[in-house]
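Peer 1: Below you will find the structure I want to go over with you.
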Amino acid sequence: MPSTKYSSFLFLLFLTAPLFASAARCDKADKSALLAIKAAFNNPPDLSSWTSKTSCCTWNGIDCNATTGRVTSLTIFALNISAPIPSAISKLTALQSLNLAYNRLHGPIPPFVGLLPELTFLRLDGNLLTGTIPSTLTILDLSLVGNRLTGSLPPSFAKANFADVDLRDNQLTGDASFLFGRDKNLNALHLSNNSFKFDLTNVEIPKGLDILVIDHNEIYGSIPAGVAAIKWLQFDVSYNQLCGPIPQGRYTRRFGAKHFDHNKCLCGPPLAPCK
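Residue 214 in numbering that gives the first Met the number 0 sits at position 215 of the sequence shown, with consecutive numbering throughout.
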């Protein structure tokens, strides 16, 4: 007769067996979509594990829901792939995270990316994408750094529930003030190296914002007094058209002159005294 310890082990194995089985299972439609994506990317060697004979949940860059077998995360990072964003991605309707950063993807960002119903994390940074940002791209965590995107931000961004927005190093223009708002959930905002032009004076700083990096734009007005009370992790407003006294607070004093330099007439520590 088996020992109590051995019996307990067998019972535990019985309970967990369905979980192991479901973890290896892959949704057939998602698998077909992934193979279409691989083909659209010209079958890169780094995706050699993506074969019809194995479960897609075991492939490099893929995570699945252990219960349903649906693909929840797709990461194809820094593989030097030169292609447009494949339309087959639109079929991965359980996708929560999409990371295609640091390839050579070109063409516009297709609107269907923002229509994936479960998507909360999107990285398209470090590519060669062009055109305007689709109005559908109201993703919780959004990174489009280092592309060739142009035009103004879509009006839909005004009501979006962003947590992190990173639009650095593009050719974007116009107003970005509607990204701010006291009751918004924004934690980090990076707008550096674009041509955004708006009045910063009366924007309301989101209560949870702790990263504000908006250098190298055409932003004018003054720095809102509210920034003095924020526990900033990163802060940079240099190379804009700002004017007036720099609000003084414990956390703004942590940043040196280079974070405020090259504005129209900012003054006060860490810059020259106001006259």
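Idealized CB from N, CA, C, for every residue including glycine.
These numbers come from a predicted model, not from an experiment.
Ignore the nearest five residues each way along the sequence and tell me which others in Ser21's own chain have a CB closer than 6 Å to its CB.
Peer 2: Note that Ser21 scores 39 on pLDDT, short of 50, meaning its location in the model is unreliable; the coordinates nonetheless yield the value given after this. Here the set comprises Ala65 and Thr66.
Peer 1: Look up Ile88 in the DSSP assignment and say whether it is helix, strand or coil.
Peer 2: It is helical.
Peer 1: Assuming contact is defined by CB atoms lying nearer than 8 Å, are Ala82 and Leu104 in contact in what I supplied?
Peer 2: Going by C-beta atoms, Ala82 is nearer than 8 Å to Leu104.
Peer 1: Can you give me the Cβ contacts of Ser176 inside the same chain, cut-off strictly under 8 Å, excluding the 5 residues immediately before and after it?
Peer 2: Taken in chain order, the residues that qualify are Phe197, Asp198, Leu199 and Val202.
Peer 1: Around the Cβ of Ala228, are there at least 16 other Cβ atoms within 10 angstroms (buried) or fewer (exposed)?
Peer 2: It counts as exposed.
Peer 1: At a cut-off of 7 Å, would you count Phe259 as near the ligand SAH, judging by its Cβ distance to the nearest heavy atom?
Peer 2: Absence of the ligand SAH is noted for the structure shown, with no ligands found whatsoever.
Peer 1: Between the Cα of Arg24 and those of Ile80, Pro133 and Thr53, spot the shortest distance and give me the residue it belongs to.
Peer 2: For the residues Ile80, Pro133 and Thr53, the minimum Cα distance to Arg24 belongs to Thr53.
Peer 1: Buried or exposed: Gln95, going by 16 or more other Cβ atoms within 10 Å of its Cβ?
Peer 2: Looking at its Cβ environment, which holds 16 or more other Cβ atoms inside 10 Å, Gln95 is buried.
Peer 1: Would you kindly check if the distance between the Cβ of Asp140 and the Cβ of Leu115 is under 8 Å?
Peer 2: Their beta carbons are not under 8 Å apart, which means Leu115 does not touch Asp140 by this criterion.
Peer 1: Under 8 Å by Cβ, that's how I've got Leu241 and Gly220 pegged, so tell me the actual separation to the nearest angstrom.
Peer 2: Indeed they touch by this definition, with Cβ atoms about 7 Å apart.
Peer 1: Identify whether Cys273 lies in helix, strand or coil by the three-state DSSP scheme.
Peer 2: Looking at Cys273 - three-state DSSP - the assignment turns out to be coil, as it is neither helix nor strand.
Peer 1: In angstroms, rounded to a whole number, what distance separates the CA positions of Leu232 and Lys27?
Peer 2: Looking at the two C-alpha atoms, the distance is approximately 44 Å.
Peer 1: For Cys25, does the three-state DSSP call read helix, strand or coil?
Peer 2: Coil at Cys25, not helix or strand.
Peer 1: Using the three-state DSSP reduction, which class does Leu286 fall into: helix, strand or coil?
Peer 2: Residue 286 lies beyond the residue range present for the chain, which begins at 0 and ends at 274; the question has no answer from this structure.
Peer 1: Looking at C-alpha atoms only, which residue of Ala87, Thr131 and Leu97 is the closest neighbour of Pro289?
Peer 2: Because the chain in this structure spans residues 0 to 274, residue 289 falls outside the shown range and cannot be described.
Peer 1: Which partner residues does Asn98 have in the DSSP bridge list?
Peer 2: For Asn98, which the question treats as bridged, DSSP gives the partners Thr74 and Arg122.
Peer 1: Could you tell me the distance, in whole angstroms, from the CA atom of Arg249 to the CA atom of Pro272?
Peer 2: Computed Cα separation, rounded: 18 Å.
Peer 1: Run through DSSP, which three-state label would Leu18 get?
Peer 2: With a pLDDT of 40 at Leu18, under the threshold of 50, the modelled position of this residue cannot be trusted; read the value that follows with caution. Helix.
Peer 1: Can you tell which of Ile204, Ala38, Pro269 and Asn192 has the C-alpha that lies nearest to the C-alpha of Leu171?
Peer 2: Considering only alpha carbons, the answer is Asn192.
Peer 1: Kindly indicate which three-state DSSP category Asp182 falls into: helix, strand or coil?
Peer 2: Residue state, collapsed to three classes: coil.
Peer 1: To the nearest angstrom, how far is the alpha carbon of Asp62 from that of Ser155?
Peer 2: Their Cα atoms are separated by approximately 30 Å.
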